[in-house]
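If you're matching positions, the sequence shown starts at 1 in UniProt numbering and goes up one per residue. The beta-carbon is built from N, C-alpha and C at its ideal position, and this holds for glycine as well. Read the structure below first, then the notes.
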Amino acid sequence: MAQFCLCSQNPTSDEVLSWSQNFDKMMKAPAGRNLFREFLRTEYSEENLLFWLACEDLKKEQNKKVIEEKARMIYEDYISILSPKEVSLDSRVREVINRNLLDPNPHMYEDAQLQIYTLMHRDSFPRFLNSQIYKNNCQKNWLWFAFLNIL
C-alpha cells in the first residue's frame, strides 16, 4: 500500500507526454521541473532553472527587507560575473538589473527571467525531449499505467 501511495504522487503518463507539447505546462508541474532540472544538471546548465525559480520566489515576496535580501542573493548567485552559477544575459538586461538594484522590487528580474526562460525553451527543452532522462520517465510511467490496468 505504501508503494502505491508513493507512486500515485508521480505524474500520469498522459501528463508526462503532454510536457513534450507544452514547455509552459512542464514548467508549472513540480515533477516536470524536477525532471527537467535533472536533465539540465547533465548539461551543466542547471543554474538557468535555479535562477528562474529564485525569480518566481522573489515575485511572491511583499516584505521590503526580504525583497532587498532576496534580490541581492539572486544578483550574487546568478548575475555577478564572479559567480560560478552566472546565467547568460545580454548587456541591456544587465544594465536594467544594475539600475533596479538601487531600489529592488519583486519584479526587477522579469526581463532577465524571460530571457532565461526563452533560452531554456528554445535551446535546452528540445534536447531534453530527446534525452534518455525524459524517454526513461515516459517509459516508466507507461509501464506503471499498464500495470495498474492489468490489476
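Please work out which residues of its chain come closer than 6 Å, Cβ to Cβ, to residue i, disregarding the five sequence neighbours upstream and downstream, and give them in chain order.
{"i": "L50", "result": "none"}
{"i": "K135", "result": "none"}
{"i": "P11", "result": "A31"}
{"i": "L58", "result": "K70, P106"}
{"i": "L129", "result": "S20"}
{"i": "D14", "result": "none"}
So what does DSSP say about residue i, is it helix, strand or coil?
{"i": "P126", "result": "helix"}
{"i": "T118", "result": "helix"}
{"i": "E43", "result": "coil"}
{"i": "P106", "result": "coil"}
{"i": "D24", "result": "helix"}
{"i": "S88", "result": "coil"}
{"i": "S18", "result": "helix"}
{"i": "A29", "result": "coil"}
{"i": "S131", "result": "coil"}
{"i": "N34", "result": "helix"}
{"i": "N10", "result": "coil"}
Where do the ends of the alpha helix (DSSP H) carrying residue i lie?
{"i": "L58", "result": "46-59"}
{"i": "E69", "result": "64-74"}
{"i": "S80", "result": "Neither: S80 is in no alpha helix (DSSP H) and is coded neither H nor E."}
{"i": "L101", "result": "First-last for L101: undefined, no H or E at that position."}
One question on the structure: do residue i and residue j come within less than 8 Å of each other, judged by their Cβ atoms?
{"i": "K85", "j": "Y75", "result": "no"}
{"i": "I67", "j": "P126", "result": "no"}
{"i": "N48", "j": "I116", "result": "yes"}
{"i": "N98", "j": "M108", "result": "no"}
{"i": "H121", "j": "F23", "result": "yes"}
Tell me which same chain residues have a C-beta within less than 7 Å of the C-beta of residue i, skipping the five on either side of it?
{"i": "S45", "result": "S124"}
{"i": "M27", "result": "R33"}
Under 8 Å Cβ to Cβ from residue i, same chain only, skipping five residues before and after it: list those, please.
{"i": "V93", "result": "D111, A112, Q115"}
{"i": "S83", "result": "E76, D77"}
{"i": "S80", "result": "E86"}
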